[in-house]
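**Student:**
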Amino acid sequence: MNFYFHATPNSMKVAVLLYELGLPFDVTAIDIFKGEQHSEAFRAINPNAKVPAIVDDGVTVFDSHAILLYLAEKHGRFIADEAAGRAATLSWLQFVATGLSPFSGQAIHFLHYAPEKLPYAINRYVRELGRHYAVLDGHLAKFPWLAGQEYTIADMALWGWAASAGYAFGEKGLADYPSVQRFMEQMAARPAVTQALALKQDHSFKSELDAESRRALFPQNAA
């Protein structure tokens, strides 16, 4: 398997699953600040020019949640077999995909990447992100994992973005959401999470947000 990787929240959640499954894989680093995601070679893997992606024995899968589902179903792990557990896993997986993920991304964008401060946009996305975390916090106050008693790919998806909560909420991080914070401490104790964080440290990527990086990250803005 080849894992196309940059140390983004979406890539990190896939890294956790790869280590949880104990699968051998090679890493192809894609430096999105340098625009490597727009290369012809990578667009052949993902026409949407985003990480992560995998090529697994000739099968190409892109989008982090598609990868999580593909691998969980292929290996029969981290997704429940019985209907209620599977439904819970899919529901929370999609909650992260369609809610927490885009609102996290937009909150972080307008706080840190937008060329000008737009109070309405910041208020809109940070508050809606907080509402999503409040939903998660209420649920995790009742259950150890998103699907209930069973650890699943939905938890890996949440971890990927919750690890970046400080970029949206500042120094307080997840302090307003104690059950999510407890969940993150629980995740931190898992060896696969430690391995994923080590993978992140093993690769160096450009960090300067200069004109080249802005064009690479937000090419539609230049157009």
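To convert, count from 1 in the sequence shown and add 1313; that's my numbering. The beta carbon of each residue, even a glycine, is placed where N, CA and C say it ideally should be. These figures come from a predicted structure and were not determined experimentally.
#1: Which class does Val1364 belong to by DSSP, given the choice of helix, strand or coil?
#2: What distance in whole Å lies between the Cβ atoms of Lys1519 and Asp1344, which are believed to be in contact at a cut-off of 8 Å?
#3: With a threshold of 8 Å, are at least 3 pairs of Cβ atoms found where one atom belongs to the segment 1443-1459 and the other to the segment 1380-1391?
#4: Please say whether Asn1323 and Pro1360 have beta carbons closer to each other than 7 Å?
#5: Would you tell me roughly how many angstroms separate the C-alpha atoms of Leu1471 and Phe1338, rounded to the nearest one?
#6: For Leu1510, which of Asp1523, Phe1482, Phe1496 and Lys1326 has the nearest alpha-carbon?
#7: Which term fits Tyr1433, buried or exposed, when burial requires 16 or more other beta carbons within 10 angstroms of its beta carbon?
#8: Could one say the Cβ of Gly1479 lies closer than 7 Å to chain D's Cβ atoms, at least one of them?
#9: In terms of residue numbering, what span does the alpha helix (DSSP H) encompassing Tyr1438 cover?
#10: Does the pairing of the segment 1351-1359 with the segment 1446-1455 give three or more beta-carbon distances under 8 Å?
#11: If you compare alpha carbons, which of Ala1505, Leu1330, Glu1349 and Met1497 is closest to Lys1387?
#12: For the alpha helix (DSSP H) that contains Tyr1480, what are its first and last residues?
#13: The alpha helix (DSSP H) that contains Ala1470, what's its start and end?
#14: Please report the straight-line C-alpha distance between Arg1437 and Ser1477, rounded to a whole angstrom.
#15: Are Thr1402 and Ala1460 close, meaning C-beta to C-beta below 7 Å?
#16: Just to confirm, is the Cβ distance from Leu1404 to Ala1454 under 7 Å?
#17: Check this for me: beta carbons of Ala1467 and Leu1406, under 7 Å apart or not?
#18: On a CA-only basis, which of Leu1336, Ala1488 and Met1314 is nearest Val1368? Give me that one, please.
#19: For Ala1420, which residues in the same chain have their Cβ closer than 6 Å to its Cβ, ignoring the five residues on either side in sequence?
#20: Give the range of the beta strand (DSSP E) segment to which Asn1315 is assigned.
#21: Which residue spans inside the segment 1487-1531 form an unbroken alpha helix (DSSP H) run of at least 4?
**Tutor:** The structure says:
#1: Within the sequence shown, the letter at position 51 stands for residue 1364. Three-state DSSP puts Val1364 in coil, outside helix and strand.
#2: By one-based count along the sequence shown, residue 1344 stands at place 31. By one-based count along the sequence shown, residue 1519 stands at place 206. About 6 Å; that satisfies the 8 Å criterion.
#3: no
#4: The count along the sequence shown starts at 1 and reaches residue 1360 at position 47. The count along the sequence shown starts at 1 and reaches residue 1323 at position 10. The answer is no: Cβ separation not under 7 Å.
#5: Counting from 1 along the sequence shown, the entry for residue 1471 is found at position 158. Counting from 1 along the sequence shown, the entry for residue 1338 is found at position 25. Roughly 23 Å separates the two Cα atoms.
#6: On the sequence shown, residue 1510 is found 197 positions in, with the first residue counted as 1. Comparing Cα positions, the closest option is Lys1326.
#7: Position 120 of the sequence shown, counting from 1, holds the residue named residue 1433. Tyr1433 comes out exposed.
#8: In the structure shown, chain D cannot be found, because there is only a single protein chain.
#9: Translated into the one-based positions of the sequence shown, residue 1438 becomes position 125. That run of the alpha helix (DSSP H) goes Pro1432 to Leu1453.
#10: no
#11: On the sequence shown, residue 1387 is found 74 positions in, with the first residue counted as 1. It is Leu1330.
#12: What you label residue 1480 is simply residue 167 of the sequence shown in a count that begins at 1. Gly1479 to Phe1482 is the span of the alpha helix (DSSP H), which, as asked, contains Tyr1480.
#13: Looking up residue 1470 in the sequence shown gives position 157. Start and end: Ile1466 to Ala1475.
#14: Against the sequence shown, residue 1437 aligns to sequence position 124. Against the sequence shown, residue 1477 aligns to sequence position 164. Computed Cα separation, rounded: 18 Å.
#15: Residue numbering aside, residue 1402 sits at position 89 when the sequence shown is read from its first letter. Residue numbering aside, residue 1460 sits at position 147 when the sequence shown is read from its first letter. Contact: yes.
#16: Position 91 of the sequence shown, counting from 1, holds the residue named residue 1404. Position 141 of the sequence shown, counting from 1, holds the residue named residue 1454. According to the sequence provided, residue 1404 is Ser. The question's Leu does not apply to it. Result no, Cβ atoms of Ser1404 and Ala1454 do not sit closer than 7 Å.
#17: Translated into the one-based positions of the sequence shown, residue 1467 becomes position 154. Translated into the one-based positions of the sequence shown, residue 1406 becomes position 93. Their beta carbons are under 7 Å apart, which means Ala1467 touches Leu1406 by this criterion.
#18: Sequence index remark: in the sequence shown, residue 1368 carries index 55 (1-based). Out of Leu1336, Ala1488 and Met1314, Met1314 has the C-alpha closest to the C-alpha of Val1368.
#19: Translated into positions along the sequence shown, residue 1420 becomes position 107. If we look at Ala1420 and ignore the five residues flanking it on each side, its Cβ neighbours are Tyr1438, Val1439, Leu1442 and Ala1481.
#20: Counted from its first residue, the sequence shown places residue 1315 at position 2. Note, Asn1315: beta strand (DSSP E), Asn1315 to Phe1318.
#21: 1491-1501, 1504-1514 and 1524-1530
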